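Asker:
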Amino acid sequence: MLEPYVRPGIDDRPDLDKALSPEDKAAVARLAIKNRRRPPEASADQPEAQAVRLAASSTATAVAAAASVDAPAPDMASAYLDMRDPMVAANGEKPDARKVSRLNWGFFAASILVGAPWVALNTIALPNAVARLFHYDTTELQITINPVTGRPFPVATELAMPLAVLVIVGVVAAALLTPLVSALSDRTRTPFGRRTPWMVGGGILCALFTLVLGQDTSIVVMCFFWVLMQFAYAMLSAPLASAISERVPDKFRPRIERWHGIGVMLAQALGVLLAAFGVMFDSYSPFIYTAILFAISGIASALILPREPSSTELPRQRFDSGQVLDQLRPPTAAPAFARVFTARACMMTGVGLTSVFLWYLVRFWVYGKTVQFTSAPLTIPAGFLISAMAVATLIGAAIASWSAAPISEAIEARGIRTSTVVAGACLTYAIGLALAWGLGVWSTGTARENGMIIFALISGFAFGIYDALGLELVMDSLPDPRNAGHDLGVYALANSAGLALAAIIGAILVNAFAHSFGYYLLFPAGIVMVLLAGIVTLIGAEKIEETKE
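Taking full-length UniProt numbering, the leading residue of the sequence shown gets 1, the next gets one more, and so forth.
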């Protein structure tokens with residue numbers, strides 16, 4: 001019988017698992033090179049992730065994403081800077097055409113599902129719940145006339161301080177909890193991926209906390225659950241921004257980020273409409289609607305998007321609280337960045353003086369100045385007016401999105417400084433505030449309502465241009481491109497700082513002049529802060545030019 005041919009060096013090699021003793025195997029293991037996988041980049045250090053979070057923070061910054069202005073974040077890990085395939089995402093996936101389409105529409109739908117209930121809660125539902133605590137419900141206002149002047153006293157001025165406390169508590173909690181959730185999400189190892197479990201769980205928790213916030217409790221209880229709500233919303237929003245950075249290849253990122261920005265713009269308007277029509281007849285209805293949207297937002301986003309790869313094989317990373325606190329530390333020796341940050345904080349303060357108290361301005365300033373001869377709840381005209389303002393803001397933002405790129409090209413061709421146009425946008429926003437203020441004080445009838453709608457249209461356009469073109473100044477002010485992700489995250493804190501300052505300044509002004517002006521002074525204070533933002537922008541641009549030279 002013929003024996004099978006034995007190939008020398010191939011078939012006659014011994015089985016090392018059987019031939020070697022345990023001591024020999026241990027010696028070989030000590031000499032072997034251990035090829036340890038490097039952990040993926042932290043989301044806090046990803047410039048694209050920070051840019052998406054910045055775009056999701058306001059309608060205007062979403063305009064910058066949707067406008068396609070050529071001022072991208074300096075991403076040193078981009079595939080275009082080396083020989084890697086730009087069709088491959090940062091997590092190693094190479095999606096086909098069908099998956100790219102699902103990524104595009106999935107992140108677009110997620111931006112609406114996540115953003116709309118959050119806007120509804122912040123703009124109308126929560127301020128109205130605070131008003132309900134002080135018995136300003138949907139019934140007709142009892143307006144008292146000043147016997148000296150013959151004019152009605154300012155209404156509901158005592159609501160400014162508790163709302164300001166609620167806003168400040170939320171801003172501080174969000175600034176601390178969002179980096180924490182981001183770091184924990186980076187270290188999540190599950191078969192469903194790193195981001196999906198957080199998004200699904202965050203949506204469910206947001207729904208539960210929303211239902212609690214709508215109950216008749218106290219301002220202390222509301223502050224407590226509002227802090228928990230910040231953590232739950234960070235679970236929903238922070239992983240979503242990181243997923244865009246990690247799952248979208250560089251080739252398709254501009255298109256998908258553009259649609260994400262459009263979704264944020266639509267979410268702002270839809271959120272206001274949702275809460276406005278809900279609060280017209282029942283103060284608790286907006287909380288029910290927002291809770292339902294929150295509950296389905298994380299689940300629907302996970303179902304629409306392609307399934308996230310498993311993260312169980314990722315290397316373990318030890319949690320370090322210093323990495324969380326480092327995200328709040330501003331860059332050192334960066335005067336240009338400091339000026340841009342200050343300009344943004346001033347602008348957000350001017351914007352926040354009206355946006356934080358917008359429901360009270362519409363409800364108690366526009367419709368609380370004259371006696372109403374109707375049995376219908378005053379929340380009905382207020383709801384219609386704030387809905388019209390939301391639509392007008394969306395139209396203004398859409399115009400800014402459409403015109404930002406041509407304006408950028410025109411000023412570059414003519415040698416005009418971008419900072420001059422950005423400061424002009426600040427001036428335009430101040431003009432919108434002045435129109436709303438003037439028509440609200442010196443006119444009667446529908447002129448006050450028209451003034452607020454005109455202000456919403458102008459502000460949507462001006463703020464959109466401010467952000468779309470100001471983004472170039474922000475990118476030029478970054479001190480080190482290698483730390484762009486961290487610095488953009490710090491720059492986003494200017495939004496929080498501006499809203500906190502707006503709440504403090506607004507509450508002080510309203511309470512200090514409660515018997516004479518009420519919410520009347522929010523407009524001139526906003527004009528001052530917006531103009532100050534324009535001045536600081538011009539000064540900061542000069543510092544940027546000096547740095548370039």
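All residues carry an ideal CB built from backbone N, CA and C; glycine is no exception.
Computed from a predicted structure; not experimentally measured.
Tell me which residue opens and which closes the alpha helix (DSSP H) that G489 is part of.
Answerer: Stepping through the sequence shown from its first residue, residue 489 is reached at position 489. Element bounds for G489: 484-512.
Asker: Pick helix, strand or coil for R339, following the three-state DSSP scheme.
Answerer: Along the sequence shown, read from residue 1 onward, the residue named residue 339 stands at position 339. Helix, per DSSP.
Asker: Taking only the alpha-carbon atoms, compute the straight-line gap between A404 and A468 and give it to the nearest angstrom.
Answerer: For the purposes of this step, residue 404 is identified with residue 404 of the sequence shown, where counting begins at 1. For the purposes of this step, residue 468 is identified with residue 468 of the sequence shown, where counting begins at 1. Roughly 6 Å between the two C-alpha positions.
Asker: Just the C-alpha distance for W359 and A507, rounded to the nearest angstrom, thanks.
Answerer: The sequence position of residue 359 within the sequence shown is 359, counting from 1. The sequence position of residue 507 within the sequence shown is 507, counting from 1. Approximately 14 Å between the Cα atoms of the pair.
Asker: Just the C-alpha distance for A400 and R318, rounded to the nearest angstrom, thanks.
Answerer: For the purposes of this step, residue 400 is identified with residue 400 of the sequence shown, where counting begins at 1. For the purposes of this step, residue 318 is identified with residue 318 of the sequence shown, where counting begins at 1. Distance between the alpha carbons of A400 and R318: 45 Å.
Asker: Compare the Cα-Cα distances from H260 to each of W105, A500, Y491 and report the closest residue.
Answerer: As a working note, residue 260 is residue 260 in the sequence shown. Taking only the C-alpha atoms, the option nearest H260 is W105.
Asker: Roughly how many angstroms lie between the CA atoms of V264 and L31, to the nearest whole one?
Answerer: Start at 1 with the first residue of the sequence shown, and residue 264 comes out as number 264. Start at 1 with the first residue of the sequence shown, and residue 31 comes out as number 31. Between V264 and L31, the C-alpha separation is close to 55 Å.
Asker: So S43 packs on A49, CB below 8 Å; how close in whole Å?
Answerer: By 1-based counting over the sequence shown, the position of residue 43 is 43. By 1-based counting over the sequence shown, the position of residue 49 is 49. Contact flag correct, Cβ pair sits at about 5 Å.
Asker: Determine whether the beta carbon atoms of P117 and G271 lie at a separation below 8 Å.
Answerer: The count along the sequence shown starts at 1 and reaches residue 117 at position 117. The count along the sequence shown starts at 1 and reaches residue 271 at position 271. Yes; because the gap between Cβ atoms is below 8 Å, this pair is in contact.
Asker: I431 and A392 look like a contact to me (Cβ under 8 Å); what is the Cβ gap, rounded to whole Å?
Answerer: Residue mapping note: residue 431 aligns to position 431 of the sequence shown, counting from 1. Residue mapping note: residue 392 aligns to position 392 of the sequence shown, counting from 1. Incorrect: roughly 15 Å between the Cβ atoms, too far for contact.
Asker: Assign Y5 to buried or exposed, taking buried as 16 or more other Cβ atoms, counted over all protein chains shown, within 10 Å of its Cβ.
Answerer: Locating residue 5 in the sequence shown gives position 5, counting from the first residue. Looking at its Cβ environment, which holds fewer than 16 other Cβ atoms inside 10 Å, Y5 is exposed.
Asker: Less than 8 Å between the beta carbons of M161 and N450, yes or no?
Answerer: Within the sequence shown, residue 161 is the residue found at index 161, counting from 1. Within the sequence shown, residue 450 is the residue found at index 450, counting from 1. Taking 8 Å as the Cβ cut-off, M161 and N450 do not qualify as a contacting pair.
Asker: If you count every other CB in all the chains shown that lies within 10 Å of the CB of V362, and 16 or more means buried, which is it?
Answerer: Locating residue 362 in the sequence shown gives position 362, where the first residue counts as 1. V362 should be labelled buried.
Asker: Would F341 be called buried (16 or more neighbouring beta carbons within 10 Å of its own) or exposed?
Answerer: As a working note, residue 341 is residue 341 in the sequence shown. The residue in question, F341, is buried, as its Cβ has 16 or more Cβ neighbours within 10 Å.
Asker: Pick from L488, I458, C346, L522: whose alpha carbon is nearest that of A497?
Answerer: Indexing the sequence shown from 1 puts residue 497 at position 497. Selected option, being the one with the closest Cα: C346.
Asker: I believe Y284 touches G214 by the beta-carbon criterion, under 8 Å. Please report the beta-carbon distance rounded to the nearest angstrom.
Answerer: Here residue 284 refers to the residue found at position 284 of the sequence shown. Here residue 214 refers to the residue found at position 214 of the sequence shown. Contact flag correct, Cβ pair sits at about 5 Å.
Asker: Going straight from the alpha carbon of S185 to that of F463, what length do you get?
Answerer: Translated into the one-based positions of the sequence shown, residue 185 becomes position 185. Translated into the one-based positions of the sequence shown, residue 463 becomes position 463. Straight-line Cα distance between these residues: approximately 32 Å.
Asker: Return helix, strand or coil for H135, following the three-state DSSP convention.
Answerer: Your numbering for residue 135 matches position 135 in the sequence shown. The answer is coil: DSSP assigns H135 none of H, G, I, E or B.
Asker: What residue from A120, G9, A436, P309 has the CA that sits closest to L274's CA?
Answerer: In the sequence shown, residue 274 corresponds to position 274, counting from 1. The shortest C-alpha separation from L274 is found at A120.
Asker: Determine the extent of the alpha helix (DSSP H) in which F281 is found, giving its start and end residues.
Answerer: The sequence position of residue 281 within the sequence shown is 281, counting from 1. Premise fails: F281 is in no alpha helix (DSSP H) and is neither H nor E.
Asker: How is T537 classed by DSSP in three states: helix, strand or coil?
Answerer: As a working note, residue 537 is residue 537 in the sequence shown. Helix at T537.
Asker: Quick check on P8: buried or exposed, where buried means 16 or more other Cβ atoms within 10 Å of its Cβ?
Answerer: Residue numbering aside, residue 8 sits at position 8 when the sequence shown is read from its first letter. Exposed, because fewer than 16 other Cβ atoms sit within 10 Å of the Cβ of P8.
Asker: Output the residue ranges of the alpha helix (DSSP H) runs that lie fully inside the segment 261-312 and measure 4 residues or longer, sorted by chain position.
Answerer: The segment 261-312 contains these whole alpha helix (DSSP H) runs: 285-304.
Asker: State buried or exposed for A376, treating a residue as buried only when at least 16 other CB atoms are found within 10 Å of its CB.
Answerer: Stepping through the sequence shown from its first residue, residue 376 is reached at position 376. Only weak support exists for where A376 lies, its pLDDT of 47 falling under 50; the coordinates are left without a value.
Asker: CB L435 to CB A447, shorter than 8 Å?
Answerer: Taking the first residue of the sequence shown as position 1, residue 435 is located at position 435. Taking the first residue of the sequence shown as position 1, residue 447 is located at position 447. No, Cβ-Cβ distance for L435 and A447 is not below 8 Å.
Asker: Roughly how many angstroms lie between the CA atoms of T178 and D17, to the nearest whole one?
Answerer: For the purposes of this step, residue 178 is taken as residue 178 along the sequence shown, with counting starting at 1. For the purposes of this step, residue 17 is taken as residue 17 along the sequence shown, with counting starting at 1. C-alpha separation (whole angstroms): 50 Å.
Asker: Only counting the same chain, and skipping five residues up and downstream in sequence, which positions put a Cβ closer than 7 Å to that of L385?
Answerer: Against the sequence shown, residue 385 aligns to sequence position 385. Result list for L385: V362, V366, E449, M452, in chain order.
Asker: With three or more C-beta pairs closer than 8 Å as the rule, is the segment 411-429 touching the segment 306-315?
Answerer: As far as the Cβ criterion goes, the segment 306-315 does not touch the segment 411-429, which means the pair count is below three.
Asker: What residue from M199, L205, F224, D216 has the CA that sits closest to G170's CA?
Answerer: Indexing the sequence shown from 1 puts residue 170 at position 170. If we check each option's Cα against that of G170, F224 comes out closest.
Asker: To which residues of the same chain is V148 closer than 6 Å at the C-beta, ignoring the five residues directly before and after it?
Answerer: As a first step, residue 148 is located in the sequence shown; it is residue number 148 there, counting from the start. Caution is warranted here: a pLDDT of 47 is assigned to V148, below 50, making its placement in the model unreliable, and no coordinate value can be reported.
Asker: Under the rule that 16 or more other beta-carbon atoms within 10 Å means buried, what is W198, buried or exposed?
Answerer: As a first step, residue 198 must be located in the sequence shown, where it is residue number 198. Burial call: buried.
Asker: When the distance is taken between beta carbons, is L240 closer than 8 Å to S301?
Answerer: Walking along the sequence shown from the start, residue 301 turns up at place 301. Walking along the sequence shown from the start, residue 240 turns up at place 240. In contact: S301 and L240 (Cβ atoms closer than 8 Å).
Asker: So, F231 versus A125, is the Cβ gap smaller than 8 Å?
Answerer: By 1-based counting over the sequence shown, the position of residue 231 is 231. By 1-based counting over the sequence shown, the position of residue 125 is 125. Taking 8 Å as the Cβ cut-off, F231 and A125 do not qualify as a contacting pair.
Asker: Taking the continuous alpha helix (DSSP H) assigned at M474, which residues delimit it?
Answerer: On the sequence shown, position 474 is the one that residue 474 refers to. In the sequence under discussion, the amino acid at residue 474 is Val, which differs from the Met named in the question. Its alpha helix (DSSP H) spans residues 447-477.
Asker: At the level of alpha carbons, what is the spacing between V536 and R339?
Answerer: Taking the sequence shown and counting its residues from 1, the one referred to as residue 536 is at position 536. Taking the sequence shown and counting its residues from 1, the one referred to as residue 339 is at position 339. When rounded, the distance between both Cα atoms is 7 Å.
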